[in-house]
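**Student:** In full-length UniProt numbering, the protein residues as written are 1 to 469.
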Amino acid sequence: MASCAEPSAMGPEPAAPPLAGIPPLEDFEVLDGVEDAEGEEEEEENLSEVRPLEDIGQPPLEETEQPGALAREFLAAMEPEPEPVPVPDEWLDILGNGLLRKKTLVPGPPGSSRPAKGQVVTVQLQTSLENGTRVQEEPELVFTLGDCDVIQALDLSVPLMDVGETAMVTADSKYCYGPQGRSPYIPPHAALCLEVTLKTAVDGPDLEMLTGQERVALANRKRECGNAHYQRADFVLAANSYDLAIKAITSSAKVDMTFEEEEQLLQLKVKCLNNLAASQLKLDHYRAALRSCSLVLEHQPDNIKALFRKGKVLAQQGEYSEAIPILRAALKLEPSNKTIHAELSKLVKKHAAQRSTETALYRKMLGNPTRLPAKCPGKGAWPPPSPLSTVHPMEVAVWSNCCCPGGRGSLCGHRCQELTAQVAATPSKHRGPHPKLPNLPSSSLSTTLSDPVSFSGAGTVRFEGPVAQ
């Protein structure tokens with residue numbers, strides 16, 4: 001509400017503009033006790049006998065009783081209060097976690113556009129630590145947007161800039177160089193301030209139209225980016241860069257290349273596949289790593305790195321019997337390699353322990369570990385059956401021509417039908433061709449097994465020696 005001054009100090013009230021929907025001010029300015037100043041002078045003599053106001057003891061007029069105060073109060077109440085102007089947030093929280101923020105310092109020119117993923121951008125970059133120490137300056141840094149060629153802070157913030165814009169980006173260490181830092185200028189776990197100016201943004205190259213040397217240069221750049229990510233233990237980004245390098249090498253070409261360029265690309269492909277396998281092995285992506293190693297060995301069967309990594313992958317999968325020959329082949333190519341020696345020795349011990357565990361498990365499953373032979377018995381003639389007991393017509397008799405536990409046998413029922421069964425016990429000590437089953441009645445079947453055995457099938461029969469009807 002506007003403050004009200006004393007009537008003597010005020011001149012005539014300025015006419016306020018009429019408000020829409022409100023009657024004119026004159027209709028509301030009928031106030032008690034307000035008269036013309038000349039009328040007061042004429043009546044002054046008639047009021048000489050009246051005591052001054054101070055003697056009466058009436059309180060002074062309140063602010064609301066001053067002439068015109070009620071109208072001003074009403075008008076002030078009717079005026080809408082101005083809405084507060086919102087303070088613009090200068091910082092853009094890119095990921096919503098407060099760890100990567102962007103602030104525009106110089107906006108781009110009107111009509112400028114933002115770059116898209118896959119475009120090649122050129123930026124001017126100044127990198128500083130949080131304390132203001134400048135550690136890096138790049139007048140023209142060129143990279144492909146979204147290919148992980150640079151730190152994540154740039155890859156995530158540049159798409160939000162207009163061409164010609166200059167911005168300040170503050171980034172946590174996880175979006176920069178991480179716990180390793182970048183020796184000697186950037187310490188580990190260092191948050192950075194990046195002043196970035198986006199100069200240009202153009203479409204990426206058409207891989208089909210690249211010459212041989214251009215392909216080699218592009219693939220080498222991607223491979224070097226992958227090596228940088230690998231050294232920082234960022235194996236996901238490393239694998240992505242190696243994949244991009246392989247894509248640049250193997251994509252179809254519409255430009256002829258010389259034999260030397262093709263050989264150069266092949267050597268580069270082998271390097272990228274080997275590095276890709278190493279990254280996949282670090283990420284425990286064993287099937288992908290095995291595939292990468294196999295692709296290398298298709299081009300170079302004697303590649304020691306691929307042989308060694310393939311052996312390690314198979315060992316991680318528990319395939320010791322397959323891994324050991326591969327590591328032995330690698331050791332044969334490079335007998336002085338201590339790393340292969342150590343890995344092979346470790347796998348041989350693990351394989352021996354695995355076989356011991358499996359043997360103990362088989363013995364436990366068979367239920368008669370003391371009678372389990374270490375090897376198959378020697379060959380010999382099958383002994384003739386001796387009649388010791390009678391097989392019931394509805395029971396199942398079993399015979400087998402296999403001498404090893406876990407072999408296959410046959411079941412013959414009371415109608416002489418033949419079934420397949422799993423041999424689950426130690427067969428006879430004699431080995432040789434099993435005689436043909438005689439043409440016996442359905443209730444007269446024979447076995448040539450001499451040891452106490454049990455077989456599973458359509459029924460279960462326990463023989464305590466050679467039996468026949």
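A virtual CB, placed ideally from N, CA and C, is assigned to each residue, including glycine. Source: prediction; values computed, not measured.
1) From arginine 328 to serine 279, what distance separates their C-alpha atoms?
2) Whose C-alpha, out of Glu138, Ala330, Val169, is nearest the C-alpha of leucine 95?
3) For tyrosine 175, collect the residues of the same chain with a Cβ closer than 8 Å to its Cβ; drop the 5 residues on either side in sequence, then sort them by chain order.
4) Here's the rule I'm using: 16 or more other beta-carbon atoms within 10 Å means buried, otherwise exposed. How should methionine 161 be labelled?
5) So, is arginine 309 buried or exposed, given that buried needs 16 or more other C-beta atoms within 10 angstroms?
6) Mark histidine 229 as exposed unless 16 or more other C-beta atoms lie within 10 angstroms of its C-beta, in which case mark it buried.
7) As a quick exercise: from Arg223, Gln119, Lys332, Lys102, pick the residue whose alpha carbon is nearest that of glutamate 195.
8) For glutamine 124, write down the residues that DSSP places opposite it in a beta bridge.
9) Starting from the C-beta of asparagine 303, find all residues in its chain whose C-beta is less than 8 Å away, skip the five residues before and the five after it, and write them out in chain order.
10) Name the one or two DSSP bridge partners that alanine 171 has.
11) Is the distance from the Cβ of valine 142 to the Cβ of threonine 127 below 7 Å?
12) Which one or two residues does DSSP pair with glutamate 140 in a beta bridge?
13) Mind checking who threonine 166 pairs with in its DSSP beta bridge?
14) Once DSSP output is grouped into helix, strand and coil, what is the label at leucine 210?
15) Count the other CB atoms, across all protein chains shown, that sit within 10 Å of the CB of alanine 352; report buried if there are 16 or more and exposed otherwise.
16) Does glutamate 343 pass the burial test, meaning 16 or more other C-beta atoms within 10 Å, or should it be called exposed?
17) Please state whether the Cβ-Cβ distance between cysteine 272 and arginine 232 is less than 7 Å.
18) Of the residues Ser183, Gly111, Leu198, which one's Cα is nearest the Cα of glutamate 140?
19) Using only alpha-carbon positions, find the residue among Ala191, Glu334, Ala306, Ile246 that is nearest to valine 216.
20) If I measure Cβ to Cβ from leucine 192 and keep anything under 6 Å in the same chain, skipping five residues before and after, which residues do I get?
21) For the beta strand (DSSP E) containing aspartate 93, list its first residue and its last residue.
22) Smallest Cα separation from tryptophan 91: which of Ala167, Leu129, Arg134, Leu145?
23) Which of the three DSSP states, helix, strand or coil, is assigned to arginine 215?
24) For leucine 244, which of helix, strand or coil comes out of DSSP?
25) Evaluate valine 313 with the Cβ neighbour count: other Cβ atoms within 10 Å of its Cβ, from every protein chain shown; 16 or more gives buried, anything less gives exposed.
26) Counting only beta-carbon atoms, is isoleucine 151 nearer than 7 Å to chain D?
27) Use the C-beta contact count for serine 173: other C-beta atoms within 10 angstroms, 16 or more gives buried, fewer gives exposed.
28) State the Cα-Cα distance for the pair cysteine 148 and asparagine 131, rounded to the nearest angstrom.
29) Less than 8 Å between the CB atoms is what I'm expecting for arginine 114 and proline 159, so what's the real figure, rounded?
**Tutor:** Working from what's here:
1) Taking the first residue of the sequence shown as 1, we reach residue 328 at position 328. Taking the first residue of the sequence shown as 1, we reach residue 279 at position 279. Their Cα atoms are separated by approximately 23 Å.
2) If you number the sequence shown from 1, residue 95 lands on position 95. Ranking Glu138, Ala330, Val169 by Cα distance to leucine 95 puts Val169 first.
3) Taking the first residue of the sequence shown as position 1, residue 175 is located at position 175. Sequence-distant partners of tyrosine 175 (beyond 5 residues in either direction) whose C-beta falls short of 8 Å from its own C-beta, in its chain, are Leu99, Leu100, Ile151, Gln152, Ala153, Leu156.
4) Along the sequence shown, one-based indexing puts residue 161 at 161. Buried is the call here.
5) Numbered from 1 along the sequence shown, position 309 holds the residue referred to as residue 309. That one is buried.
6) For the purposes of this step, residue 229 is identified with residue 229 of the sequence shown, where counting begins at 1. Taking all protein chains shown into account, histidine 229 has 16 or more neighbouring C-beta atoms within 10 Å of its C-beta and is therefore buried.
7) Your numbering for residue 195 matches position 195 in the sequence shown. Distances from the CA of glutamate 195 to each of Arg223, Gln119, Lys332, Lys102 were compared; the closest alpha carbon is that of Lys102.
8) Locating residue 124 in the sequence shown gives position 124, where the first residue counts as 1. Thr197.
9) Here residue 303 refers to the residue found at position 303 when the sequence shown is read from its first residue. Correct list, in chain order: Val270, Asn274, Val296, Leu297.
10) Here residue 171 is taken as the residue at index 171 of the sequence shown, counted from 1. Under DSSP, alanine 171 forms a beta bridge with Leu100, Leu192.
11) The count along the sequence shown starts at 1 and reaches residue 142 at position 142. The count along the sequence shown starts at 1 and reaches residue 127 at position 127. Remark: C-beta atoms of valine 142 and threonine 127 do not approach each other more closely than 7 Å.
12) Taking the sequence shown and counting its residues from 1, the one referred to as residue 140 is at position 140. For glutamate 140, which the question treats as bridged, DSSP gives no partner whatsoever.
13) Position 166 of the sequence shown, counted from the start, is the residue given in the question as residue 166. Val106, Thr197, per the DSSP bridge assignment.
14) Working through the sequence shown from its first residue, we reach residue 210 at position 210. Looking at leucine 210 - three-state DSSP - the assignment turns out to be coil, as it is neither helix nor strand.
15) Position 352 of the sequence shown, counting from 1, holds the residue named residue 352. Using a 10 angstroms sphere on the CB of alanine 352, the tally of other CB atoms stays under 16, which defines it as exposed.
16) Along the sequence shown, one-based indexing puts residue 343 at 343. So glutamate 343 counts as buried.
17) On the sequence shown, residue 272 is found 272 positions in, with the first residue counted as 1. On the sequence shown, residue 232 is found 232 positions in, with the first residue counted as 1. No, the Cβ-Cβ distance between cysteine 272 and arginine 232 is not below 7 Å.
18) The count along the sequence shown starts at 1 and reaches residue 140 at position 140. Of Ser183, Gly111, Leu198, the smallest CA-CA separation from glutamate 140 is found for Leu198.
19) Translated into the one-based positions of the sequence shown, residue 216 becomes position 216. Nearest C-alpha to valine 216: Ile246.
20) For the purposes of this step, residue 192 is taken as residue 192 along the sequence shown, with counting starting at 1. Excluding sequence neighbours, leucine 192 sits near Thr127, Ala171, Cys176.
21) Taking the first residue of the sequence shown as position 1, residue 93 is located at position 93. 91-93 is the extent of the beta strand (DSSP E) around aspartate 93.
22) Position 91 of the sequence shown, counting from 1, holds the residue named residue 91. The residue from Ala167, Leu129, Arg134, Leu145 with its alpha-carbon nearest to that of tryptophan 91 is Ala167.
23) On the sequence shown, residue 215 is found 215 positions in, with the first residue counted as 1. It is helical.
24) Locating residue 244 in the sequence shown gives position 244, where the first residue counts as 1. Here leucine 244 sits in helix by DSSP.
25) The residue you call residue 313 lines up with position 313 of the sequence shown. With a threshold of 16 other beta carbon atoms within 10 Å, valine 313 meets it and is buried.
26) This model lacks chain D altogether, as it is built from one protein chain only.
27) Within the sequence shown, numbered from 1, the residue matching residue 173 stands at position 173. Per the 10 Å Cβ criterion, buried.
28) Position 148 of the sequence shown holds residue 148. Position 131 of the sequence shown holds residue 131. Between cysteine 148 and asparagine 131, the C-alpha separation is close to 27 Å.
29) By 1-based counting over the sequence shown, the position of residue 114 is 114. By 1-based counting over the sequence shown, the position of residue 159 is 159. Cβ atoms of arginine 114 and proline 159 come within 8 Å of each other, at about 6 Å.
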